[in-house]
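Each protein sequence line maps, in turn, to chains W and X. Counting from 1, position 61 in the first sequence corresponds to residue 61 in the working numbering; the numbering is continuous, with no gaps. Counting from 1, position 104 in the second sequence corresponds to residue 104 in the working numbering; the numbering is continuous, with no gaps. C-beta: ideal position from N, C-alpha, C; glycine also.
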Amino acid sequence: MANFTRGFTGGARRGGDTRLPPGQYDTGATWPVLTAELTPTIDLETWTMTVDGLVEKPTTWDWRGIHALPSSSYFGDIHCVTTWTKFDTTFAGVSVDALLEIAKPKPEATHVMATSTTGYNTNLPLDDITGGKAWIVWEFDGKPLAPEHGGPVRLLVPHLYFWKSAKWITRIELMDHDEQGFWERNGYHDRGDPWLEQRYQGDA
Amino acid sequence: MTEAIASSWTTGTVREVERFGETYVRLRIEVADRHDHVPGQHYVVRLRAPDGYTAQRSYSLASDPADPLIELMVECLPRGEVSGFLHDVVEAGDELELRGPIGRWFVWGGEVPSLCVAGGSGVVPFISMLRYARRMGTASHLTIVASAQTRERLPYIEELEEFGAFIALTRENHGDRVAAHIYPDELAELSKGIERAYVCGSAGFVSFVGRSLGEAGVPSDIVRVEQFGATG
Ligand SMILES: Cc1cc2nc3c(=O)[nH]c(=O)nc-3n(C[C@H](O)[C@H](O)[C@H](O)COP(=O)(O)OP(=O)(O)OC[C@H]3O[C@@H](n4cnc5c(N)ncnc54)[C@H](O)[C@@H]3O)c2cc1C
Numbered sequence: 001m002a003n004f005t006r007g008f009t010g011g012a013r014r015g016g017d018t019r020l021p022p023g024q025y026d027t028g029a030t031w032p033v034l035t036a037e038l039t040p041t042i043d044l045e046t047w048t049m050t051v052d053g054l055v056e057k058p059t060t061w062d063w064r065g066i067h068a069l070p071s072s073s074y075f076g077d078i079h080c081v082t083t084w085t086k087f088d089t090t091f092a093g094v095s096v097d098a099l100l101e102i103a104k105p106k107p108e109a110t111h112v113m114a115t116s117t118t119g120y121n122t123n124l125p126l127d128d129i130t131g132g133k134a135w136i137v138w139e140f141d142g143k144p145l146a147p148e149h150g151g152p153v154r155l156l157v158p159h160l161y162f163w164k165s166a167k168w169i170t171r172i173e174l175m176d177h178d179e180q181g182f183w184e185r186n187g188y189h190d191r192g193d194p195w196l197e198q199r200y201q202g203d204a
Numbered sequence: 001m002t003e004a005i006a007s008s009w010t011t012g013t014v015r016e017v018e019r020f021g022e023t024y025v026r027l028r029i030e031v032a033d034r035h036d037h038v039p040g041q042h043y044v045v046r047l048r049a050p051d052g053y054t055a056q057r058s059y060s061l062a063s064d065p066a067d068p069l070i071e072l073m074v075e076c077l078p079r080g081e082v083s084g085f086l087h088d089v090v091e092a093g094d095e096l097e098l099r100g101p102i103g104r105w106f107v108w109g110g111e112v113p114s115l116c117v118a119g120g121s122g123v124v125p126f127i128s129m130l131r132y133a134r135r136m137g138t139a140s141h142l143t144i145v146a147s148a149q150t151r152e153r154l155p156y157i158e159e160l161e162e163f164g165a166f167i168a169l170t171r172e173n174h175g176d177r178v179a180a181h182i183y184p185d186e187l188a189e190l191s192k193g194i195e196r197a198y199v200c201g202s203a204g205f206v207s208f209v210g211r212s213l214g215e216a217g218v219p220s221d222i223v224r225v226e227q228f229g230a231t232g
């Protein structure tokens, strides 16, 4: 076929904003919701966070226990595969590094599977959640994270598309291989780098 | 069902373009190297400007897998970059870059008794399910509820009526039914005997229906959701 689409020059989205990854638009003050499931209700009395699999010391924290860890926050942008980007968000919680420091990954661990209370899961290379790149968060803009956005507690991996930031997180399992999670089995990309526009299986 | 083959970019030649007022455009496209789809799946359409700038969006298939062409029904959004182009510019004979079929969650293989609830353009994947069910003789497994503000804003309304879909218009009466959102009572009646529910539409519509299904007694773990539009 011709190397361009007849009559197409680009629309409102080609703003040239260097903070927008390809194909994304600025959603402004709104925060759209993407989910494959209905929003669950989570009881903070019984909620726990577990890091296990290939670690020296599998560990489980309850709500109070995880709050006792040094707090850490993220300020920056988030990108959803459904093409919105939200600038200048603030999330607070703990760094995933803090959990891993306690659980101590074994040398053979290369990937993780993050799982929600709903059974939703998503796979990530270990490198993508270490070194200050990922958080377990319960606050957005200074307020408790709303249930439809994954509250009371979600994973935050802001440098990847947002489906990697599993809502209602409850477990991170370390593995010596990659294994597809929910959206990945259902056609989404294994890594999901927004700057490379890795939306679906088969994207570069 | 489908295998986990990653689809690659291919070319589609637009064979038929039909515009429905200001609101919808239907495209029927011949796809090179096409893979069969399962009702509920979508394609990605990529537009490319002469300077290399691209824009890509997802569109559900309305067509039966056995249809020799794929069919898309696109709602024209105000200032929408891709939907506006498909509505205003595309003509029969044009070529489009396409990828698909994509998605293995929001799909219906024909066996599971299901309730489908659509808002506006969210009806598109259910049209594929409906056509497939009619051909396979499994229409009794499929209950469709479709909602929109007016007749004009509900694509495929005649086909839905003929199928016996439950239609809820919110700004005008439909037959005996007075203009109103879908009631939980209506959903409770329609969801008898279902093993799965599919909900498709805007984010607002999906969360409204999610709550109503809960009130109607449908367990949340049998509900599958797909959101459209800028609020995808
Ligand atoms: C799986 C899936 C299946 C889908 N199937 C269908 C389908 O069958 N039919 C269908 O019609 N749609 C479908 N959609 C939605 C479709 O992918 C597009 O989102 C839709 O067509 C809008 O794209 P657009 O380029 O026209 O609009 P966009 O340019 O993306 O804009 C959408 C809206 O957002 C606003 N907007 C955009 N950019 C900005 C900005 N910078 N600032 C403020 N506002 C802005 C615009 O005003 C516009 O109203 C589907 C989506 C998904 C995820």
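Boundaries of the alpha helix (DSSP H) around Tyr-132/X: 124-136. Residue state for Leu-96/X is assigned as strand, using DSSP reduced to three classes. For the stretch 63-121 of chain X, the continuous alpha helix (DSSP H) assignments of 4+ residues that do not extend past its boundaries occur at 81-88, in sequence order. By the criterion of at least three beta-carbon pairs nearer than 8 angstroms, the stretch 161-180 of chain X is not in contact with the stretch 196-204 of chain X. In this structure, the C-beta of Asp-26/W approaches ligand 1 to less than 6 angstroms from one of its heavy atoms. Residue pairing from DSSP leaves Arg-13/W without any beta-bridge partner. Shown in chain order are the members of the stretch 21-45 of chain W whose Cβ falls below 7 angstroms from a Cβ of chain X: Gly-23, Pro-32, Val-33, Leu-34, Thr-35, Ala-36, Glu-37 and Leu-38. Across the structure, Trp-63/W and Leu-38/W are spaced so that their CA atoms are roughly 23 angstroms apart.
Put simply, of Leu-130/X, Leu-115/X, Gly-164/X and Phe-205/X the residue whose alpha carbon is nearest the alpha carbon of Ser-191/X is Leu-115/X.
Using a Cβ-Cβ cut-off of 7 angstroms, Glu-71/X is close to nothing in chain W; its nearest Cβ partner there is about 19 angstroms away. By a beta-carbon distance limit of 8 angstroms, Leu-124/W does not contact Lys-167/W. Their separation comes to about 15 angstroms. The residues Leu-169, Arg-171 and Glu-172, in chain order, have a CB closer than 7 angstroms to that of Thr-150/X in the same chain once the five nearest residues on each side in sequence are set aside. DSSP, read as helix, strand or coil, puts Trp-31/W in coil. A distance below 7 angstroms separates the beta carbons of Ser-121/X and Glu-75/X. Secondary structure at Glu-22/X: coil, using DSSP grouped into helix, strand and coil.
One alpha carbon belongs to Val-94/W, the other to His-177/W, and they sit about 26 angstroms apart. Within the DSSP bridge table, the entry for Thr-48/W names Asp-62/W as partners. For Glu-226/X, the enclosing beta strand (DSSP E) begins and ends at 223-227.
Checking the 6 angstroms criterion, the Cβ of Ser-8/X is out of range of every heavy atom belonging to ligand 1. Rounded to the nearest whole angstrom, the CA to CA distance from Arg-99/X to Arg-28/X is 15 angstroms. Val-44/X has its Cβ no nearer than 6 angstroms to any heavy atom of ligand 1. A straight-line Cα-Cα distance of about 7 angstroms links Phe-106/X and Val-225/X. Residues of chain W with a Cβ closer than 7 angstroms to the Cβ of Ile-29/X do not exist; the shortest Cβ-Cβ separation is about 13 angstroms. In the DSSP assignment, no residue is bridged to His-141/X. By a beta-carbon distance limit of 8 angstroms, Ser-7/X contacts Ile-102/X. Their separation comes to about 6 angstroms. Listed as beta-bridge partners of Asn-121/W by DSSP are Thr-115/W. Residue contact with chain W for Ser-83/X: absent (no Cβ-Cβ distance below 7 angstroms to any residue of chain W). For Lys-143/W, the number of other beta carbons within 10 angstroms of its own is below 16, and it is reported as exposed.
For the pair of segments examined, the stretch 189-203 of chain W was found not to touch the stretch 69-88 of chain X: the number of CB pairs separated by less than 8 angstroms stays below three. For Gly-84/X, the closest C-alpha among the options Gly-110/X, Gln-56/X and Glu-71/X is that of Gln-56/X. Counting the other Cβ atoms within 10 Å of the Cβ of His-67/W gives fewer than 16, which makes it exposed.
Here DSSP, grouped into helix, strand and coil, assigns Val-209/X to helix.
Straight through space, the alpha carbons of Leu-174/W and Leu-126/W are spaced by roughly 8 angstroms. Interface flag for Ile-102/X against chain W is set, since a Cβ pair is found closer than 7 angstroms.
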